[in-house]
Amino acid sequence: MRPGALLLAAALAGCAVRPPARPPDDMPAALSLEGRLSDHITDPPALIRQRSQLGDRYRVVRAIYGLDGQLLFARRFDELRPPPDGLDVFEGRIRPGSHELLVILELEGNRAGRLVQQADYHVTLRSTRRFAVGEGEFTDVTVVARERGDGGDGAGRPELEVRFGFKPAAR
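Take 574 as the starting number for the sequence shown in our numbering and just add one per residue.
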């Protein structure tokens, strides 16, 4: 089992799991977030955010993000507390090198949607993307949940789009 797979599995099961704020001194760097996330001033900044372009047929009920096998963000949403548009998932520094981003969004058929036949309809969107962070590059990752048009009424199957932007970091 990959490092951090237990945290992701627990988050998928709906458990409230938070990684330790600081790993124990005897924990290998490969098993901690310190190996990939950093507060070193020399490491480039990064922003990971979530946007929704879903119509009224679906709503996001759970969002899970992992970076390099470690849980980065996990949250449940309900009708009273929907996710804001432009939710910042991570804002910090990431060490240069190769990384793997895992995004899992669970959607529910919205009761207000005119075409949803079953109110308890759930869809899970999952995307795993690899990317490389260069020395001195600002990394901007935007995850967009949207409906792919099916030609008829403009509403279709939900899908995830992951956009990467890299530019020189301001000094």
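Note that CB positions come from ideal geometry on N, CA and C, so glycine has one too.
DSSP state of residue i mapped onto helix, strand, coil
i, result
"Pro669", "coil"
"Asp661", "strand"
"Phe650", "coil"
"Thr615", "coil"
"Gly738", "strand"
"Leu674", "strand"
"Gly729", "coil"
"Gly682", "strand"
"Leu645", "strand"
"Leu620", "strand"
"Asp598", "For Asp598, the predicted structure reports a pLDDT of 48, less than 50, and the residue's modelled location is therefore unreliable. The matter cannot be settled from this model."
Residue i classed as buried or exposed, judged by whether at least 16 other C-beta atoms fall within 10 angstroms
i, result
"Leu653", "exposed"
"Asp641", "buried"
"Ser671", "exposed"
"Glu732", "exposed"
"Pro657", "exposed"
"Ala619", "buried"
"Gly639", "buried"
"Glu708", "exposed"
Delimiting residues of the beta strand (DSSP E) encompassing residue i
i, result
"Asp713", "Glu710 to Glu720"
"Pro655", "Where Pro655 is concerned, there is no enclosing beta strand (DSSP E), given that its DSSP letter is neither H nor E."
"Gly639", "Tyr631 to Leu640"
"Arg699", "His695 to Val706"
Proximity of residue i and residue j at Cβ, strictly below 7 Å
i, j, result
"Arg666", "Asp616", "yes"
"Glu664", "Arg635", "no"
"Val716", "Val676", "yes"
"Phe704", "Phe650", "no"
"Pro655", "Val706", "no"
"Arg632", "Glu681", "yes"
"Leu674", "Arg699", "no"
Whole-Å CB distance - residue i paired with residue j, under 8 Å assumed
i, j, result
"Val662", "Gln623", "6 Å"
"Glu720", "Arg630", "7 Å"
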